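Trainee: Numbering (this note's numbering), first residue to last: 1281 to 1421.
(1) Are the stretch 1407-1414 and the stretch 1358-1367 touching by the rule of at least three beta carbon pairs closer than 8 Å?
(2) Would you report the Cα separation of residue 1332 and residue 1346, rounded to the nearest angstrom?
(3) Contact check, residue 1323 vs residue 1372 under 8 Å by CB: the rounded distance?
(4) With distances taken Cα to Cα, identify the nearest neighbour of residue 1360 among 1316, 1353 and 1414.
(5) What did DSSP end up calling residue 1307 once you bin it into helix, strand or coil?
(6) Identify which residue in 1379, 1383 and 1337 has its Cα closest to the Cα of residue 1352.
(7) Excluding five sequence neighbours on each side, which residues of the same chain lie with their C-beta closer than 6 Å to the C-beta of residue 1298?
Printed below as a string of structure tokens:
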């Protein structure tokens, strides 16, 4: 595995800023002691905690054993607001689930890297357009 180290913080900041621009990411900052300023993350944490509380034992020492499968379920479930799974939105494809090992899945392996990139771009555009239409957000002018 390659280890990338950038010794100049300003270079790292410029690189990260450009990457965010290219990917259309709006980067925000929040303080550690003021979690209310990051409502989306707090909502996600509340959802995870509510679901974990259904599975952990009374002494609450086994929550970490349930977390990976709970996160897999969350990432592979359609969300009411977007109509898509988080995995579809992020990766442009359906996650491989444990049952896929037993029952298999149809292969959609592309024949070349260019075909893969073209397919990925088309899938991501399609999923994001669908999610945006489901959210009924006003179109940017």
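Virtual Cβ for every residue (Gly too), placed ideally from N, Cα, C. Because the structure is a prediction, the values reported are computed rather than measured.
Mentor: The relevant details are as follows:
(1) yes
(2) Within the chain shown, the letter at position 52 stands for residue 1332. Within the chain shown, the letter at position 66 stands for residue 1346. C-alpha separation (whole angstroms): 7 Å.
(3) Here residue 1323 corresponds to residue number 43 of the chain shown, with the count starting at 1. Here residue 1372 corresponds to residue number 92 of the chain shown, with the count starting at 1. Between residue 1372 and residue 1323 the Cβ distance is about 24 Å, and since that is not below 8 Å, they are no contact.
(4) Mapped onto the chain shown, residue 1360 falls at position 80. Here the closest residue by C-alpha is 1414.
(5) As a working note, residue 1307 is residue 27 in the chain shown. It is coil, neither helix nor strand.
(6) Along the chain shown, read from residue 1 onward, the residue named residue 1352 stands at position 72. Cα-wise, what sits closest to residue 1352 is 1379.
(7) Stepping through the chain shown from its first residue, residue 1298 is reached at position 18. So no residue of the chain qualifies.
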